[in-house]
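Using the numbering used here, you'd call the opening residue of the sequence shown number 107 and step up by one each time.
All C-beta atoms, glycine included, are put in the ideal place defined by N, C-alpha and C.
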Amino acid sequence: MNNAIIKRSLASIISAAILIISLPACAAPSSGGSFIEGDVSGGEAETLNWILAADASSFAYAGYTLESLANYDNQFNIVLRCLAKDIEVSPDGLVYTLTIRDDLKWSDGSPVTAEDYVYTLKNLMFSDWLNYNYKDDWQEDTGGKKVFVTPAVVDGTTFTITRQTVQPEFIYTLYNLIPYPKYIAVKYEGDVDAFTRAKEFNDLSYTGNLGPYKFKQWLKNDKYVLSRNPQYFLGQDNGAPFFDEYIVKMFGTSAVMQAALEAGDITYCGIEPQNVAKFKKMPDINVYTVPTRGYNIIAYNQRANGWEGLRKKEVRQALSMAIDKETIAKKISLGFAEPAYSFIPSSSPWYSDNTVMKLGVAPLNDKQQAMQLLKAAGYEYTRSDGRDILLGEDGKPVKLLMVTTPGSDVVESMSLLIKQELAGIGIDVEVKWVQWPTLLRQYMMNREPGTDQEPRYNNGPRAVSDEDWDMTLMAHNTDPLAPSGSRVFFASDGGLNSFGFFNDLVDQLFQEIRSEKGMNKDDRSLMYGELARVISEEQPVDFITYTRANRGFQSNVKGIEPGINMGYNYYLWRFE
107 MNNAIIKRSL
117 ASIISAAILI
127 ISLPACAAPS
137 SGGSFIEGDV
147 SGGEAETLNW
157 ILAADASSFA
167 YAGYTLESLA
177 NYDNQFNIVL
187 RCLAKDIEVS
197 PDGLVYTLTI
207 RDDLKWSDGS
217 PVTAEDYVYT
227 LKNLMFSDWL
237 NYNYKDDWQE
247 DTGGKKVFVT
257 PAVVDGTTFT
267 ITRQTVQPEF
277 IYTLYNLIPY
287 PKYIAVKYEG
297 DVDAFTRAKE
307 FNDLSYTGNL
317 GPYKFKQWLK
327 NDKYVLSRNP
337 QYFLGQDNGA
347 PFFDEYIVKM
357 FGTSAVMQAA
367 LEAGDITYCG
377 IEPQNVAKFK
387 KMPDINVYTV
397 PTRGYNIIAY
407 NQRANGWEGL
417 RKKEVRQALS
427 MAIDKETIAK
437 KISLGFAEPA
447 YSFIPSSSPW
457 YSDNTVMKLG
467 VAPLNDKQQA
477 MQLLKAAGYE
487 YTRSDGRDIL
497 LGEDGKPVKL
507 LMVTTPGSDV
517 VESMSLLIKQ
527 ELAGIGIDVE
537 VKWVQWPTLL
547 RQYMMNREPG
557 TDQEPRYNNG
567 PRAVSDEDWD
577 MTLMAHNTDP
587 LAPSGSRVFF
597 ASDGGLNSFG
607 FFNDLVDQLF
617 QEIRSEKGMN
627 KDDRSLMYGE
637 LARVISEEQP
647 VDFITYTRAN
657 RGFQSNVKGI
667 EPGINMGYNY
677 YLWRFE
């Protein structure tokens, strides 16, 4: 639902056995022009202070100015970025040695050091005072207690991270690491308000030569503007990047955005399925159809401010059973999607087709069976105006609120279909359209009533959001080769478990996959199969579809390599 090419979790789906490559130098094309990426306003970033972010757009916006340790290409080969060489792992799998390049600079000209990375980990990401949503990626269970891994400086460019337990997928987390400058961050350490408002972190003025572009301007709901960084460490031999400006331009609707692409007013945007054939006929537009890691979900609010029925597995199954995924995939997405049953896509080596519960497709797309499930869960029906009406525990008709973001024709069509499908089992659904920042702050963030907790996406089982809601239609990303990263959504302590799903067996399986028990791939495959079974049966969310994206570019853009991570080399794109 967000068209940004550059996403978080750049390295989290890489196979441990794949080849490390470097990009070859090439003749330097002349620089010039403005690359304008179109996006709909519902997908705009929340913050540029990336450690506070939970949405992909915020990581994307900051990512134009900051490189992670490594990236991957469309064939899942690792491409080194800030790393001077690949990460070394000790024979016992407990000590990781990381060596960064010696030509990385902050904006004041001082070198980026191993100390900056270690400080970012220990004093910021691992701290109690700062709300970093992915802390669990850096924790391990020892003796029944959660502890952080141990970072330590070796020298100016080398640091180690030591674990007490083996975690077979931990290296993918390391590739994604980005530092803050210690010399700036220490001024705000311990003061969350000051850190959140820090000018340097909100205008990205500290980023030095770490990214191809420098922050220039951000006009909310209008545009995000970056200028070429001539000091970019990967551009010293070839002159990259080759655009004078990189602009993300916001539009109110996808229709207006695509009209701008057709008129030549923007360089790139996502193409809605119903318009793909039209754009493919245009001589000045190149359309690339590529796989993605994204899937659409309906999250069911199992917290205290959602309908009480959503806290029952049978009710969640009934709702998901009533919604026809084949119709969404074929008639709304026009074949550029496939039904989803799990956070693990069918393209993943960890997918288990025979363990997942395939709700929403025949034979488990059945409204009569769904109504029987609701009755078995203790709910009754009444007749009114010739139709069945589901009654809640209070004897009143059940009315659910579904919240989502505006701007996309596909999302609007899906919302109307979901409303229609649930009406077929006697449930009235109100669809509420809110902007992305509002959805995050008012509906996803939560805290325990009567406490002074800072709002977070998961403040425990008693926490609720400021606004009541029952369902939300949104998109998640997954990691086909390392899907355990999705514990951030589905584990009891997951930092983005905003919908309040708490299940001991799910927690245990995530833990075992990320332990020595998961070192054997056959055993890990069985554990993933069991985990997918449990989550698909519990249905904390309805997995709707996995999508294929259609990317439309002006034909004078060269250097594009279409694929699942087609933005990995965007700093080499150019006009001809």
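Inset, instruction - Return the residue from the list Val516, Arg680, Cys188 that minimises the CA-CA distance to Leu340. - result: The residue given as residue 340 occupies position 234 in the sequence shown. Of the candidates Val516, Arg680, Cys188, the one whose C-alpha sits nearest the C-alpha of Leu340 is Cys188.
Inset, instruction - Would you be able to state if there are at least three C-beta pairs under 8 Å between the segment 583 to 594 and the segment 233 to 243? - result: Yes, the segment 233 to 243 touches the segment 583 to 594.
Inset, instruction - Please classify Met672: does DSSP put it in a helix, a strand, or coil? - result: The count along the sequence shown starts at 1 and reaches residue 672 at position 566. Met672 falls in the coil class under three-state DSSP.
Inset, instruction - For Met625, count neighbouring Cβ atoms within 10 angstroms of its own Cβ and tell me buried if that reaches 16, exposed if not. - result: Taking the first residue of the sequence shown as position 1, residue 625 is located at position 519. Result: exposed.
Inset, instruction - Tell me whether Glu173 sits in a helix, a strand or coil according to DSSP, three-state version. - result: Taking the sequence shown and counting its residues from 1, one reaches residue 173 at position 67. When DSSP states are grouped into helix, strand and coil, Glu173 belongs to the coil group.
Inset, instruction - Output yes or no for whether 7 Å exceeds the beta carbon distance between Gly601 and Val396. - result: Locating residue 601 in the sequence shown gives position 495, where the first residue counts as 1. Locating residue 396 in the sequence shown gives position 290, where the first residue counts as 1. Result no, Cβ atoms of Gly601 and Val396 do not sit closer than 7 Å.
Inset, instruction - Using three-state DSSP, classify Arg422 as helix, strand or coil. - result: Walking along the sequence shown from the start, residue 422 turns up at place 316. If DSSP states are grouped into helix, strand and coil, Arg422 belongs with the helices.
Inset, instruction - Could you name the residues of the same chain whose beta carbon sits closer than 7 Å to that of Glu295, not counting the 5 residues immediately before and after it, in chain order? - result: Taking the first residue of the sequence shown as 1, we reach residue 295 at position 189. Apart from sequence neighbours up to five positions away, the residues of its chain that approach Glu295 with a beta-carbon distance below 7 Å are Asn229, ordered along the chain.
Legend entry - Backbone secondary structure at Leu165 - three-state DSSP: Indexing the sequence shown from 1 puts residue 165 at position 59. Residue identity differs from the one stated: residue 165 is Phe in this sequence, not Leu. DSSP, read as helix, strand or coil, puts Phe165 in helix.
Inset, instruction - May I ask you to report which of helix, strand or coil DSSP gives Asn335? - result: Numbered from 1 along the sequence shown, position 229 holds the residue referred to as residue 335. If DSSP states are grouped into helix, strand and coil, Asn335 belongs with coil.
Inset, instruction - Helix, strand or coil for Gly658, going by three-state DSSP, please let me know. - result: Numbered from 1 along the sequence shown, position 552 holds the residue referred to as residue 658. Gly658: strand per DSSP, three-state reduction.
Legend entry - Whole-angstrom distance between Asp343 and Tyr563, CA atom to CA atom: Walking along the sequence shown from the start, residue 563 turns up at place 457. Walking along the sequence shown from the start, residue 343 turns up at place 237. In a straight line, the C-alpha of Tyr563 is about 43 Å away from that of Asp343.
Inset, instruction - Look at the alpha carbon of Trp324 and the alpha carbon of Phe141, and state the distance between them as a whole number of angstroms. - result: Reading the sequence shown from its first residue, position 218 is the one you call residue 324. Reading the sequence shown from its first residue, position 35 is the one you call residue 141. Their Cα atoms are separated by approximately 16 Å.
Inset, instruction - Using only alpha-carbon positions, find the residue among Asp599, Ala476, Thr313 that is nearest to Ser213. - result: Locating residue 213 in the sequence shown gives position 107, where the first residue counts as 1. Of Asp599, Ala476, Thr313, the smallest CA-CA separation from Ser213 is found for Thr313.
Legend entry - Beta-carbon contacts of Leu310 that lie in its chain and below 7 Å, excluding the five residues immediately before and after: Here residue 310 corresponds to residue number 204 of the sequence shown, with the count starting at 1. Closer than 7 Å at Cβ, skipping near neighbours: Leu154, Ala168, Thr171, Phe321.
Legend entry - Whole-number beta carbon distance between Phe349 and Gly139, since they are thought to touch under 8 Å: On the sequence shown, position 33 is the one that residue 139 refers to. On the sequence shown, position 243 is the one that residue 349 refers to. 6 Å between Cβ atoms; contact.
Inset, instruction - Could you check if Thr219 is buried or exposed, using at least 16 other CB atoms within 10 Å of its CB as the buried criterion? - result: Position 113 of the sequence shown holds residue 219. Buried is the call here.
Inset, instruction - Would you be able to state if there are at least three C-beta pairs under 8 Å between the segment 350 to 368 and the segment 380 to 392? - result: Segments in contact, yes.
Inset, instruction - Within 10 angstroms of the Cβ of Asp247, are there 16 or more other Cβ atoms? Answer buried if so, exposed if not. - result: Indexing the sequence shown from 1 puts residue 247 at position 141. Residue environment for Asp247: exposed (fewer than 16 other C-beta atoms within 10 angstroms of its C-beta).
Inset, instruction - State whether the segment 444 to 461 contacts the segment 641 to 656, with contact taken as three or more CB pairs (one from each stretch) at a distance under 8 Å. - result: Flag = yes, the segment 444 to 461 and the segment 641 to 656 touch.
Legend entry - Complete beta strand (DSSP E) runs within the segment 489 to 559 (minimum length 3 residues, chain order): Along the length of the segment 489 to 559, whole beta strand (DSSP E) runs at least 3 residues long occupy 493 to 497, 505 to 510, 534 to 539, reported in chain order.
Inset, instruction - Would you mind stating whether Phe254 and Leu204 have Cβ atoms separated by less than 7 Å? - result: As a working note, residue 254 is residue 148 in the sequence shown. As a working note, residue 204 is residue 98 in the sequence shown. No, Cβ-Cβ distance for Phe254 and Leu204 is not below 7 Å.
Legend entry - Cβ shell of Gln474 (< 7 Å), same chain only, five flanking positions each side left out: The count along the sequence shown starts at 1 and reaches residue 474 at position 368. For Gln474, same chain residues with a beta-carbon under 7 Å away, outside a window of 5 residues either side, do not exist.
Inset, instruction - Indicate, with yes or no, if the ligand ZN has a heavy atom lying under 6 Å from the CB of Asn229. - result: Although the ligand ZN was asked about, the structure shown includes no ligands whatsoever.
Inset, instruction - Could you give the DSSP three-state label for Thr279: helix, strand or coil? - result: Numbered from its first residue, the sequence shown carries residue 279 at position 173. DSSP places Thr279 in helix when its eight states are reduced to three.
Inset, instruction - Report the residue from Leu496, Leu522, Ala304 whose alpha carbon sits nearest the alpha carbon of Ile429. - result: Numbered from 1 along the sequence shown, position 323 holds the residue referred to as residue 429. Selected option, being the one with the closest Cα: Leu522.
Legend entry - Residues that DSSP places opposite Leu186 in a beta bridge: Position 80 of the sequence shown, counted from the first residue, corresponds to residue 186. Bridge partners of Leu186: Ala176.
Legend entry - Every unbroken alpha helix (DSSP H) inside the segment 180 to 243 [4 residues or more]: The DSSP assignment places 220 to 225 as complete runs of the alpha helix (DSSP H) inside the segment 180 to 243, in order along the chain (cut-off: 4 residues).
Legend entry - Pro455 classed as buried or exposed, judged by whether at least 16 other C-beta atoms fall within 10 angstroms: Within the sequence shown, residue 455 is the residue found at index 349, counting from 1. Exposed: under 16 other Cβ atoms inside 10 Å.
Legend entry - Through-space distance from Gln614 to Ile278, alpha-carbon basis: Residue 278 sits at position 172 when you count from the first residue of the sequence shown. Residue 614 sits at position 508 when you count from the first residue of the sequence shown. Correcting the residue identity first, residue 278 is Tyr in this sequence and not Ile. Roughly 21 Å between the two C-alpha positions.
Inset, instruction - Tell me whether Phe616 sits in a helix, a strand or coil according to DSSP, three-state version. - result: The sequence position of residue 616 within the sequence shown is 510, counting from 1. Helix, per DSSP.
Legend entry - Backbone CA spacing between Met633 and Arg639 [nearest angstrom]: For the purposes of this step, residue 633 is identified with residue 527 of the sequence shown, where counting begins at 1. For the purposes of this step, residue 639 is identified with residue 533 of the sequence shown, where counting begins at 1. Computed Cα separation, rounded: 10 Å.
Inset, instruction - Select from Tyr674, Leu678, Thr302, Gln660 the residue whose C-alpha is nearest the C-alpha of Asp390. - result: Looking up residue 390 in the sequence shown gives position 284. That would be Gln660, whose Cα lies nearest to the Cα of Asp390.
Inset, instruction - Counting only the same chain and skipping the five closest in sequence on each side, list residues whose C-beta sits under 7 Å from that of Val259. - result: Looking up residue 259 in the sequence shown gives position 153. Same-chain partners within the cutoff: Ala220, Glu221, Val224, Phe265.
Inset, instruction - Starting from the Cα of Lys437, find the closest Cα among Ile403, Val516, Glu306, Asp371 and give me that residue. - result: Here residue 437 refers to the residue found at position 331 of the sequence shown. Minimum Cα-Cα distance from Lys437 among the listed residues Ile403, Val516, Glu306, Asp371 corresponds to Val516.
Inset, instruction - Measuring alpha carbon to alpha carbon, tell me which of Lys505, Met388, Val354, Lys386 ends up nearest Tyr374. - result: Residue mapping note: residue 374 aligns to position 268 of the sequence shown, counting from 1. If we check each option's Cα against that of Tyr374, Val354 comes out closest.
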